[in-house]
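*Asks:* Using UniProt numbering, the first residue of the sequence shown is number 1, and each one after it goes up by one.
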Amino acid sequence: MAPHLRLIYFDIPGRAEVTRVLLTIGKVPFEDYTISREQWAEVKPTMPYGQIPVLEVDGKQLAQTSAIERYAARLVGLYPQDAWEAAKVDELACFMQEWWAPFISTFSIEDADEKAAAQKAVAEGPLQANIAKLNTLLTEAGQDGYLVGERITYADIAVFVLMSGIVSGYLEGVPRDLYQPFPAIIDFHTRMASVPQIEEMYQGVTEGVRMAFKVGCVGGVA
1 MAPHLRLIYF
11 DIPGRAEVTR
21 VLLTIGKVPF
31 EDYTISREQW
41 AEVKPTMPYG
51 QIPVLEVDGK
61 QLAQTSAIER
71 YAARLVGLYP
81 QDAWEAAKVD
91 ELACFMQEWW
101 APFISTFSIE
111 DADEKAAAQK
121 AVAEGPLQAN
131 IAKLNTLLTE
141 AGQDGYLVGE
151 RITYADIAVF
161 VLMSGIVSGY
171 LEGVPRDLYQ
181 PFPAIIDFHT
191 RMASVPQIEE
201 MYQGVTEGVR
211 MAFKVGCVGG
221 VA
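1) Can you give, in chain order, each stretch of the alpha helix (DSSP H) that sits fully within the region 84 to 133 and has at least 4 residues?
2) Which residue marks the beginning of the beta strand (DSSP E) containing F188, and which one marks its end?
3) Please indicate yes or no: does the CB of T19 lie closer than 6 Å to some heavy atom of the ligand NAP?
4) Between the alpha carbons of residue 223 and V57, how many angstroms are there, rounded?
5) Do you know offhand how far V54's Cα is from K60's?
6) Counting only runs of 3+ residues fully inside the UniProt domain "GST N-terminal" (3 to 80), write out the beta strand (DSSP E) ranges in chain order.
7) Compute the beta-carbon to beta-carbon distance between I157 and V21, rounded to the nearest angstrom, for a pair I have assumed lies under 8 Å.
8) Reducing DSSP to helix, strand and coil, say where G165 ends up.
9) Does DSSP classify T153 as helix, strand or coil?
10) Note down, in chain order, each residue of its chain lying with its Cβ closer than 6 Å to the Cβ of V221, except the 5 sequence neighbours on either side.
11) For my contact list, V209 and Y170 are in at a C-beta cut-off of 8 Å; report their separation, rounded to the angstrom.
12) Reducing DSSP to helix, strand and coil, say where P196 ends up.
13) Take L137 as the anchor and find which of M96, V195, E31 and V28 has the nearest alpha-carbon.
14) Drop a sphere of 10 angstroms on the beta-carbon of F182, count the other beta-carbons inside from all chains shown, and report buried for 16 or more, exposed for fewer.
15) Tell me the DSSP secondary structure of E140 in three-state form.
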């Protein structure tokens with residue numbers, strides 16, 4: 001019997017979306033409990049590290065994004081039992097977190113135009129090496145292959161969600177067609193967005209940052 005799950009986060013993809021997708025693919029019921037920025041001051045002291053997301057498992061609190069994602073992946077059977085494959089899955093999840101690191105310093109820029117310019121510079125500069133590396137990895141995996149092993153894993157979900165988030169419009173300076181020169185990335189996004197549970201998850205989305213998780217909405221191909 002699956003535990004009672006309550007995922008606490010803001011009503012944005014952010015650090016909770018990988019977990020949401022994992023649980024959705026695994027058909028594990030969970031309460032997607034979202035809070036507003038105004039509510040955060042009241043909720044913050046009740047969180048283990050004063051941060052979210054937090055996953056409540058039968059009333060017990062699990063914090064830290066990576067720990068939550070790995071728990072969810074294990075729960076739904078998308079985390080390899082083989083030690084080497086599990087390590088390679090973790091490697092790719094860590095690699096995708098590195099994509100966001102150069103953008104962190106831009107969040108404190110108050111001027112909107114200056115912030116957008118700084119984010120565009122990251123996307124067109126240091127991020128390009130990571131994008132090219134991912135394109136190579138996906139090319140090597142093949143059009144019908146997966147990043148680790150012979151079936152979908154946590155790694156594929158982490159890559160799909162985080163690469164989609166980069167071009168979702170949340171980072172206003174990042175062009176939505178950023179991946180257009182990288183066909184393996186576009187193909188991978190289309191394949192992942194077409195997974196029935198993922199497609200259904202975003203079926204009702206017609207605007208906003210979650211549009212980037214739909215088929216044809218990444219790479220300037222919509």
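Think of the CB as a built atom: it goes at the ideal place given N, C-alpha and C, for glycine as much as any other residue.
No experiment lies behind these values; they were computed from the predicted model shown.
*Replies:* Quick look at the numbers:
1) 112 to 124
2) From DSSP, F188 is part of no beta strand (DSSP E) but of the alpha helix (DSSP H) over P183 to A193.
3) For the structure depicted, the ligand NAP is absent and the ligand set is empty, with no information on it obtainable.
4) Look at the range of the chain in this structure, 1 to 222, and you will see that residue 223 is not part of it.
5) Spanning the two alpha carbons is a distance of roughly 10 Å.
6) 5 to 10, 31 to 35, 54 to 57 and 60 to 63
7) 5 Å
8) helix
9) coil
10) Below a pLDDT of 50, predicted positions are generally treated as unreliable, and V221, at 46, falls in that range; no measurement from the model is reported.
11) 5 Å
12) helix
13) M96
14) buried
15) Here E140 sits in helix by DSSP.
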